[in-house]
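Protein chains in written order, with the working numbering: chain A, 261 to 475; chain B, 365 to 919. By construction, the Cβ of each residue, glycine as well, lies at the ideal position given by its N, Cα and C atoms. In what follows, a single structure is set out as structure tokens and then discussed.
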Amino acid sequence: MKKLFLAVMLTCFSSLLFAQEIKPIKQNLTFNIDNLGDGHIELAISFTAAQWDNFKRVMGNNTDLLKRQMERTLPSYYLQNFAYKEDAMNRSYVLSFDALGMAKVNDDGLWQLDLDMKKPDITKLSDNVYTLTSNYNAQGALIQQVAKVVMPAAGSDFKQGEDSFGKAIFTYSLSPDTHGTRLLLLVLGVLLVAAGLAWHFVSARKLVSKNTQLV
Amino acid sequence: MKKVLLPGILVLAGLVVLLIYFNPFATGNVDVKIQNANYIMPAAYKVYANPDALNGEYYFFKALITNNGDAPLKNLKVSYQVPNYLDWTELETVPIIYPGEHLVVRCYPHFKDDIVNKMTQSQEKGEVKIEYNGSQEKTKSFGFNIMGRNQFVYTDIPPDEATSYPDMMHNTQLLPSLVTPEDPVVKYYTQQVQEKLMHGEAASVSNKNEDAVKFLEELYAGTYLSHMVYSGTEGIPQKLGDVNSLVQSIRLPREVITGNTGLCIELSLFYCSVLKAAGLHPIIFLIPGHAYPGVLVNGQYYAIEATGVNGEGLGGRYRPDDALKVGMKNLQTFVQAAQQGDSRYMIIDVNALEGKGVVPMELRDDDFLRKKVDEIAVAFNPGAAPVDNRPAADNVGPRAQPAVTRARRSSGGGGEGRGTSGMASYAGAITFNYPAGWQRFNHPIAGVPALAALIQANQFSSISVYNISGTSSPEQAVQYIQQLLAQNGQSMQYQRLGDKNGYFFYQGVTNSSGGQFQWQAVFRQATGGISGIACGSSNYGAMANIYSSIFSTVR
Numbered sequence: 261m262k263k264l265f266l267a268v269m270l271t272c273f274s275s276l277l278f279a280q281e282i283k284p285i286k287q288n289l290t291f292n293i294d295n296l297g298d299g300h301i302e303l304a305i306s307f308t309a310a311q312w313d314n315f316k317r318v319m320g321n322n323t324d325l326l327k328r329q330m331e332r333t334l335p336s337y338y339l340q341n342f343a344y345k346e347d348a349m350n351r352s353y354v355l356s357f358d359a360l361g362m363a364k365v366n367d368d369g370l371w372q373l374d375l376d377m378k379k380p381d382i383t384k385l386s387d388n389v390y391t392l393t394s395n396y397n398a399q400g401a402l403i404q405q406v407a408k409v410v411m412p413a414a415g416s417d418f419k420q421g422e423d424s425f426g427k428a429i430f431t432y433s434l435s436p437d438t439h440g441t442r443l444l445l446l447v448l449g450v451l452l453v454a455a456g457l458a459w460h461f462v463s464a465r466k467l468v469s470k471n472t473q474l475v
Numbered sequence: 365m366k367k368v369l370l371p372g373i374l375v376l377a378g379l380v381v382l383l384i385y386f387n388p389f390a391t392g393n394v395d396v397k398i399q400n401a402n403y404i405m406p407a408a409y410k411v412y413a414n415p416d417a418l419n420g421e422y423y424f425f426k427a428l429i430t431n432n433g434d435a436p437l438k439n440l441k442v443s444y445q446v447p448n449y450l451d452w453t454e455l456e457t458v459p460i461i462y463p464g465e466h467l468v469v470r471c472y473p474h475f476k477d478d479i480v481n482k483m484t485q486s487q488e489k490g491e492v493k494i495e496y497n498g499s500q501e502k503t504k505s506f507g508f509n510i511m512g513r514n515q516f517v518y519t520d521i522p523p524d525e526a527t528s529y530p531d532m533m534h535n536t537q538l539l540p541s542l543v544t545p546e547d548p549v550v551k552y553y554t555q556q557v558q559e560k561l562m563h564g565e566a567a568s569v570s571n572k573n574e575d576a577v578k579f580l581e582e583l584y585a586g587t588y589l590s591h592m593v594y595s596g597t598e599g600i601p602q603k604l605g606d607v608n609s610l611v612q613s614i615r616l617p618r619e620v621i622t623g624n625t626g627l628c629i630e631l632s633l634f635y636c637s638v639l640k641a642a643g644l645h646p647i648i649f650l651i652p653g654h655a656y657p658g659v660l661v662n663g664q665y666y667a668i669e670a671t672g673v674n675g676e677g678l679g680g681r682y683r684p685d686d687a688l689k690v691g692m693k694n695l696q697t698f699v700q701a702a703q704q705g706d707s708r709y710m711i712i713d714v715n716a717l718e719g720k721g722v723v724p725m726e727l728r729d730d731d732f733l734r735k736k737v738d739e740i741a742v743a744f745n746p747g748a749a750p751v752d753n754r755p756a757a758d759n760v761g762p763r764a765q766p767a768v769t770r771a772r773r774s775s776g777g778g779g780e781g782r783g784t785s786g787m788a789s790y791a792g793a794i795t796f797n798y799p800a801g802w803q804r805f806n807h808p809i810a811g812v813p814a815l816a817a818l819i820q821a822n823q824f825s826s827i828s829v830y831n832i833s834g835t836s837s838p839e840q841a842v843q844y845i846q847q848l849l850a851q852n853g854q855s856m857q858y859q860r861l862g863d864k865n866g867y868f869f870y871q872g873v874t875n876s877s878g879g880q881f882q883w884q885a886v887f888r889q890a891t892g893g894i895s896g897i898a899c900g901s902s903n904y905g906a907m908a909n910i911y912s913s914i915f916s917t918v919r
């Protein structure tokens, strides 16, 4: 995940040798992790006029360079479904993409999400939502970054920890088998069987009480 | 009958739904996609082995494994092999992969050290094996090239994706793999230069600019005396998988030393190897069609035109001091071009890249090569005849003697205007020397106490001395100056170059109605604030050497 931060900086400042701005650049990142460990990432970034000018000069019309840069800077994941939305009037853009395989099941049977950074500044917003705030100085420009990590709401036992290299990780429990449409199947099946059995027993009891009256 | 039938249907329907849920006949189905490197360069084998090197960009392959089936895959194990190079090696084990789940596995192979003995290119096969559910397995294979150890492929970006010159030179960040200061042969050569040519040196210990420049110049003198010559090597465009790239055969520094010849990039790598072996901070300056070496000391770059040895067959050669002058002139051009945003001008900072995992290849000692170094080092002795690797008629050895004498005489000064004579001194919160003929104005602008002095060479070039109180951050000090200039209608853009030993280096451009002013500045903490000087000029290139010498005196 740290590598994504770097990617964002490079995206904005490659070739930005001399266009420096005191005003920090604000970046908002959102990572939505689904039940199968895939990440759906959205990066929103806005610039000052000078920064936007430089960004456009570097990128030109080849916004696919953003994709290439992300792919090179995030080799851990398999990226796809890139979408780029630009709001030139407000000098901002939103880049979204999917990162397959961000979380995986570890040897303890828990899902594990690697942050790839040591001692990050993490704030817990709720059981499954955390924010990471970072400030970077990229070639003289200050970047304020807020990353929100949203882990699956269906998960439980969310914990922060460290891997064997001392890098931060999140772990959580989740069995995709018992969630979503699969869960509906299970519930529907049980309900149908229960309803059938209940119907049968009620009918049988009515028959018994009717026979009792006859006697 | 009817009373049993309807509940029975419900129960049956429920059982069918549960059967679908539990599906005892469901199976997992593995789908594998491989993204692989088109080639492996043996020289960079340690980069390919390190997931943290250059942000893990140089993986051998990446596999996307997807469970496309209805049932989980259990106890999945991914392994790979490269026949004749690497046996089956386990990459990852995962206890379970649920239906629809993806697993991404990257491979950073540990090739054996002897891969650097591979001299020619070959097509090889990588095989990936995925075992799961106890007995099931799936394999995939892919083709790639293993280059010869001297073959350097300049890019790994496919042509349809390349948009700029740096894209075509993307792999130059791997060049430090070919900088081999730990090579016993290079070490031995370095010792010969230090002992027989320089009669002792301590550039890395003194950390003085002039000592580093002297080393650079003496190193050139060594190549000059041994009659090292410039010569070309093979460089051909090749298609390697999706990539079209120039593939250049680059002689290793040990081969440059013992072969006594090299191309610009080879000489640069050789210089960097020796400079690094001597404890200095080597740099390669890459410009379109050329490369030359240099050194970074106290935040200041110095360069030398290593190809100045040229060879008589190529129309003469530079003496050491001339090679340094040409190098410094090239450096001025480099800085100007880089400041104008020309991305074709690239700096390869060997130490910085080594810090990112681009480490040199492993090379073994070689007695034969050491003897060759001994033969070459004979030329370092002023009393001895220069080594002659060429036919007798071509021997121009005697010319070497005056050159090295001259090199030693000039190396103490290190550049234009660097002598202590004719220099005035500014002593305040910061201290430095400047040419005595320049005009000094203390506190030139009333109401701006931060500007302690202005020292003018002429109306186009000057030094500003700043004492900014109330801050301990150089960054804040520069921002303060930026605001100060903005209040006077001037727009300043800057970048921080780095810091060393408590000194913080910046460079930038200031625009005003009077034109553009390029500058470099150094700041340090002083009592109660930050002090520093900014040396600027509307023609910075013309003043670069003088400013370099001024910066070297800042205390």
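Relative to the C-alpha of residue i, which candidate in the options has its C-alpha closest?
i	options	result
residue 407 of chain A	A:284, A:294, A:298 and A:305	A:305
residue 607 of chain B	B:531, B:889, B:908 and B:492	B:531
residue 475 of chain B	B:800, B:584, B:404 and B:520	B:404
residue 672 of chain B	B:581, B:610, B:717 and B:619	B:581
residue 617 of chain B	B:564, B:726, B:709 and B:649	B:726
residue 639 of chain B	B:577, B:686, B:520 and B:743	B:577
residue 492 of chain B	B:397, B:370, B:384 and B:904	B:397
residue 830 of chain B	B:822, B:844, B:821 and B:824	B:844
residue 591 of chain B	B:421, B:894, B:744 and B:516	B:744
residue 563 of chain B	B:555, B:512 and B:865	B:555
residue 322 of chain A	A:301, A:310, A:337 and A:344	A:344
residue 633 of chain B	B:661, B:721, B:670 and B:666	B:670
residue 709 of chain B	B:508, B:655, B:742 and B:420	B:655
residue 295 of chain A	B:872, B:462 and B:401	B:462
Quick check: is the beta carbon of residue i nearer than 7 Å to any beta carbon in chain A?
i	result
residue 439 of chain B	no
residue 771 of chain B	For residue 771 of chain B, the predicted structure reports a pLDDT of 33, less than 50, and the residue's modelled location is therefore unreliable. The matter cannot be settled from this model.
residue 420 of chain B	yes
residue 890 of chain B	no
residue 462 of chain B	yes
Taking the C-alpha atoms as reference points, what is the distance between residue i and residue j?
i	j	result
residue 892 of chain B	residue 834 of chain B	6 Å
residue 498 of chain B	residue 371 of chain A	22 Å
residue 641 of chain B	residue 415 of chain B	27 Å
residue 869 of chain B	residue 689 of chain B	24 Å
residue 355 of chain A	residue 291 of chain A	12 Å
residue 806 of chain B	residue 663 of chain B	27 Å
residue 887 of chain B	residue 603 of chain B	50 Å
residue 595 of chain B	residue 626 of chain B	5 Å
residue 780 of chain B	residue 801 of chain B	Any reading at residue 780 of chain B is ruled out, since the residue's pLDDT is 33, under 50, leaving its predicted position unreliable.
residue 504 of chain B	residue 384 of chain A	43 Å
residue 759 of chain B	residue 561 of chain B	Reliability fails at residue 759 of chain B, whose pLDDT of 31 lies under 50, so the model's placement of it is uncertain and no value is given.
residue 434 of chain A	residue 456 of chain A	31 Å
residue 573 of chain B	residue 288 of chain A	44 Å
residue 855 of chain B	residue 723 of chain B	42 Å
Our contact map puts residue i next to residue j with C-beta atoms below 8 Å; I'd like the distance itself, whole angstroms only.
i	j	result
residue 733 of chain B	residue 622 of chain B	5 Å
residue 545 of chain B	residue 729 of chain B	That pair is no contact at about 14 Å.
residue 452 of chain A	residue 378 of chain B	3 Å
residue 285 of chain A	residue 307 of chain A	6 Å
residue 393 of chain A	residue 376 of chain A	The Cβ separation is near 17 Å, so there is no contact.
At a Cβ threshold of 7 Å, is residue i touching chain D?
i	result
residue 459 of chain A	The structure shown contains no chain D; its protein chains are A and B.
Contact criterion: CB-CB distance below 7 Å. Does residue i meet it with respect to chain B?
i	result
residue 468 of chain A	no
residue 335 of chain A	yes
residue 456 of chain A	yes
residue 353 of chain A	no
residue 341 of chain A	no
residue 415 of chain A	no
residue 322 of chain A	yes
*Any chance the stretch 479–487 of chain B sits against the stretch 524–537 of chain B, with 3 or more Cβ pairs inside 8 Å?*
In short, these stretches do not touch, since the Cβ pair count stays below three.
*Are the stretch 448–460 of chain B and the stretch 415–426 of chain B touching, with three or more C-beta to C-beta distances below 8 Å?*
By the C-beta criterion, the stretch 448–460 of chain B is judged not to be in contact with the stretch 415–426 of chain B, since fewer than 3 inter-stretch pairs fall below 8 Å.
*asked:* Under 8 Å: do the stretch 363–382 of chain A and the stretch 416–436 of chain A share three or more Cβ pairs, one atom per stretch?
replied: A contact between stretches requires three or more CB pairs, one per stretch, nearer than 8 Å, and the stretch 363–382 of chain A meets this requirement with the stretch 416–436 of chain A.
*asked:* Using a Cβ distance threshold of 8 Å, determine whether the stretch 692–705 of chain B contacts the stretch 508–516 of chain B, with at least three qualifying pairs required.
replied: With the cut-off at 8 Å, the stretch 692–705 of chain B and the stretch 508–516 of chain B do not touch.
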